[in-house]
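Visitor: Can you keep this structure in mind? I'll have questions shortly.
There are 2 protein chains.
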Amino acid sequence: MRVGELSKRSGVPVPTIKYYLREGLLPAGVLTSPNQAHYDDEHLRRLRLVRALVDVGGLSIAAVRDVLAAVDTRDDSLHNKLGAVQEAISQPGSVELDPLAVEDVQAFFARQGERECADVTESNVTHMLAAALSAARSVGHGHFRDLLDPYLEGLKIIAQADVEYIARQGSRDDVIEAMVIGTLIGDTVLKAVRRLAHAQVSRDVIGRVGNEPAAN
Amino acid sequence: MRVGELSKRSGVPVPTIKYYLREGLLPAGVLTSPNQAHYDDEHLRRLRLVRALVDVGGLSIAAVRDVLAAVDTRDDSLHNKLGAVQEAISQPGSVELDPLAVEDVQAFFARQGERECADVTESNVTHMLAAALSAARSVGHGHFRDLLDPYLEGLKIIAQADVEYIARQGSRDDVIEAMVIGTLIGDTVLKAVRRLAHAQVSRDVIGRVGNEPAAN
DNA sequence: CGCATATGGATAGTGTACCTTTCCGATAGC
DNA sequence: GCTATCGGAAAGGTACACTATCCATATGCG
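Sequence lines, in order, name chains A and B. Okay, so the first sequence: first residue is 138 according to my numbering, each after it adds one. Okay, so the second sequence: first residue is 138 according to my numbering, each after it adds one.
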């Protein structure tokens, strides 16, 4: 197909597709003449993936490029690829870390008996965690760290489901894409369902009229 | 204090504070002369909250304004306030909904025996859920909906911890702020811990060399 | 063949969001 | 009195994600 049909089938405007081609988010089509190129279903699939990452995952164009680069790297174990994808989709942010929050993270790691984690800032993921706890501290919620253990408990169930979902995929390529989709779209789904769970608990516990805590 | 000290104590540049004042994210200080104003610890606290919402929560200035408006509304039950805050922090996004994904959401609600949910788009939260499932479908992951139930199972533990954390707060104002912090910073913490859980499972299950699924 | 439409490629422009800079006259505080 | 800072307003700047324009060429229909 040519770019017009690619646009029609994906819902992405032609100029945007050209932009993605320029930015390296889509591989170039096969040139049949100096100004004619053919695109196939792989391009369509990739284009839809890009839109999912941008629209639902909220990734920047640069982050999408990093994710796709990690996905397309062939000479890596799945474990390494997961790590690369995770780094790519976890942009650092510009929050300065509170040393106490860093200690909280290290204590959390020690409690779980996991890796050494000498430097929290060496990974975007641990940096994100430390940054979030730092922000909580800055608004007087130093005890937010107490939620780490129950969070992990609930997330074990969720991560288990994630892994089973990924294992259900057929080819290695599908596994990798499911990893990306499952992580990023899963984040959004988790956010939404968590809010629904909050609303449910709120209705059950504090929603009854006249059953509120004393006013300040 | 005046704006200079507010800046020093919060780490936010003076022009940015002025910008937030213009945008209504911070209440004006008390004028002692036509061009002198005093700010107190409430301003500092609010400023740090704004930065936490922007830096960690990733909210836009407009969304922060909506959240603060919901927080500052006094004549509402806690349940209603939670709903207002949730709506404010869940921006719709521009994904068109797949009718099949909408059915998935409705089936999920029916399974949980919860509210009617006649219109999925009436709430930003359900819209976000339907949009995420729509995006999953667009990349060939229609079965992603199967994760909703295990997600909810894990999130029940997490939401329980959230509610207990909120209940631990003293005043009604603290409860409301803990709701905002807990929801938004909690999202980021959940994201980070989920990635750590993935990495842990990945190391245990598929990380061993030579123990990978067959190549495509 | 003729001709409107579409194409690939390059360059420039648009709109939004979030600040910064600059300016002003007035005030603080030594 | 003098310098730094202030509040307030307006203009400027930067980054990002497109979007529009242009051009020579190619397609495809009649």
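Where is the CB? At the ideal position from N, CA and C, for every residue including glycine.
Under 7 angstroms, CB to CB, which of the residues in the stretch 203-218 of chain B have a partner in chain A?
Guide: Within the stretch 203-218 of chain B, the residues whose Cβ lies closer than 7 angstroms to some Cβ of chain A are S214, L215 and H216, listed in chain order.
Visitor: Just list the beta strand (DSSP E) runs in the stretch 190-220 of chain A, keeping only unbroken ones of 3 residues or longer that don't cross its boundaries, in chain order.
Guide: Entirely contained in the stretch 190-220 of chain A, not one beta strand (DSSP E) run reaches 3 residues.
Visitor: The alpha helix (DSSP H) that contains A/V167, what's its start and end?
Guide: Looking at the DSSP string, A/V167 is not in any alpha helix (DSSP H); the run it does join, the beta strand (DSSP E), is V167 to S170.
Visitor: Using the Cα positions of B/V151 and B/Y157, report the straight-line distance between them to the nearest angstrom.
Guide: Rounded to whole angstroms, B/V151 to B/Y157 spans 10 angstroms at the Cα level.
Visitor: What first and last residue would you give for the beta strand (DSSP E) that runs through A/H278?
Guide: Segment: none, A/H278 is in no beta strand (DSSP E) and carries neither H nor E.
Visitor: B/G291 versus chain A: which residues are under 7 angstroms apart at the beta carbon?
Guide: Correct list: G291, L292, I294 and I295.
Visitor: Does the beta-carbon of B/H278 have 16 or more other beta-carbons within 10 angstroms, so that it is buried, or is it exposed?
Guide: Looking at its Cβ environment, which holds 16 or more other Cβ atoms inside 10 Å, B/H278 is buried.
Visitor: Suppose you measure from the CA of A/S231 to the CA of A/L168; what does that come to, to the nearest Å?
Guide: Going from the Cα of A/S231 to the Cα of A/L168 covers about 43 angstroms.
Visitor: Within 10 angstroms of the Cβ of A/K155, are there 16 or more other Cβ atoms? Answer buried if so, exposed if not.
Guide: Label assigned to A/K155: exposed.
Visitor: Would you say A/Q223 lies against chain B (beta-carbon separation less than 8 angstroms)?
Guide: Yes, A/Q223 counts as interfacial toward chain B.
Visitor: Are any of the Cβ atoms in chain B nearer than 8 angstroms to that of A/M265?
Guide: Yes, A/M265 lies at the interface with chain B (some Cβ there is under 8 angstroms from its Cβ).
Visitor: What in chain B is Cβ-close to A/I198, meaning under 9 angstroms?
Guide: Within chain B, no residue comes near A/I198; the closest Cβ sits about 16 angstroms away, beyond 9 angstroms.
Visitor: Helix or strand or just coil, what does DSSP make of A/Q337?
Guide: In this structure, A/Q337 counts as helix in the three-state DSSP scheme.
Visitor: Could you tell me the alpha carbon to alpha carbon distance between B/D203 and B/V317, rounded to whole angstroms?
Guide: Rounded to the nearest angstrom, the two C-alpha atoms are 12 angstroms apart.
Visitor: Judging by CA-CA distance, which residue of B/K328, B/L327 and B/D299 is the nearest neighbour of B/E314?
Guide: The shortest Cα separation from B/E314 among B/K328, B/L327 and B/D299 belongs to B/D299.
Visitor: Can you say whether B/G250 is buried or exposed, counting buried as having 16 or more other CB atoms within 10 angstroms of its CB?
Guide: Answer is exposed; the Cβ neighbour count stays below 16.
Visitor: Taking the alpha-carbon positions, what's the B/A221 to B/V208 distance?
Guide: The alpha-carbon atoms of B/A221 and B/V208 are separated by roughly 8 angstroms.
Visitor: From B/G291 to A/N217, what does the alpha carbon distance come to, in whole angstroms?
Guide: Near 26 angstroms, if we compare the C-alpha coordinates of A/N217 and B/G291.
Visitor: Using the C-alpha atoms, what's the distance from B/A247 back to A/S214?
Guide: The straight-line gap from Cα to Cα measures roughly 41 angstroms.
Visitor: I'd like to know whether the C-beta of A/P287 is nearer than 8 angstroms to at least one C-beta of chain B.
Guide: Closer than 8 angstroms: yes.
Visitor: I need the straight-line Cα distance from A/A352 to B/R305, nearest angstrom please.
Guide: Unreliable placement is indicated for A/A352, whose pLDDT of 44 sits below 50; no coordinate value is reported for it.
Visitor: Mapping DSSP to helix, strand and coil, what is A/Q125?
Guide: The first residue shown for chain A is 138 and the last is 353, placing residue 125 of chain A beyond what the model contains.
Visitor: Terminal residues of the continuous beta strand (DSSP E) containing A/Q173?
Guide: Counting along the chain, the beta strand (DSSP E) containing A/Q173 begins and ends at Q173 to H175.
Visitor: How is B/V187 classed by DSSP in three states: helix, strand or coil?
Guide: Residue state, collapsed to three classes: helix.
Visitor: Are the CB atoms of B/A225 and B/A200 within a distance shorter than 8 angstroms?
Guide: A contact, by the Cβ cut-off of 8 angstroms.
Visitor: When you compare only the Cα positions, how much space is there between A/L289 and B/L285?
Guide: Rounded to whole angstroms, A/L289 to B/L285 spans 18 angstroms at the Cα level.
Visitor: If we call anything under 8 angstroms between Cβ atoms a contact, is B/R340 one with A/V262?
Guide: Against a cut-off of 8 angstroms, the Cβ pair of A/V262 and B/R340 comes out as no contact.
Visitor: From the DSSP output, in three-state form, read off A/V149 for me.
Guide: If DSSP states are grouped into helix, strand and coil, A/V149 belongs with coil.
Visitor: Using only alpha-carbon positions, find the residue among B/V326, B/H175, B/L181 and B/F245 that is nearest to A/V276.
Guide: Minimum Cα distance to A/V276 is reached at B/L181.
Visitor: Does DSSP put B/R274 in a helix, in a strand, or in coil?
Guide: In this structure, B/R274 counts as helix in the three-state DSSP scheme.
Visitor: Within this structure, are the beta carbons of B/V193 and B/I322 separated by less than 8 angstroms?
Guide: Cβ atoms of B/V193 and B/I322: closer than 8 angstroms.
Visitor: Let me know if B/A334 comes out buried or exposed under the rule of 16 or more other beta-carbons within 10 Å of its beta-carbon.
Guide: Counting Cβ neighbours within 10 Å, B/A334 comes out buried, since at least 16 surround it.
Visitor: Apply the 10 Å Cβ neighbour rule to B/S170 and answer buried if 16 or more other Cβ atoms are within range, or exposed otherwise.
Guide: With fewer than 16 Cβ atoms within 10 Å of its Cβ, B/S170 is classed as exposed.
Visitor: Can you pull the chain A neighbours of B/I154, defined as C-beta to C-beta under 9 angstroms?
Guide: Neighbours of B/I154 on chain A: none; closest Cβ ~16 angstroms, over 9 angstroms.
Visitor: What are the boundary residues of the alpha helix (DSSP H) that includes B/L237?
Guide: Its alpha helix (DSSP H) spans residues P236 to Q249.
Visitor: Whole angstroms is fine: what's the gap from A/Y302's alpha carbon to A/R282's?
Guide: About 30 angstroms.
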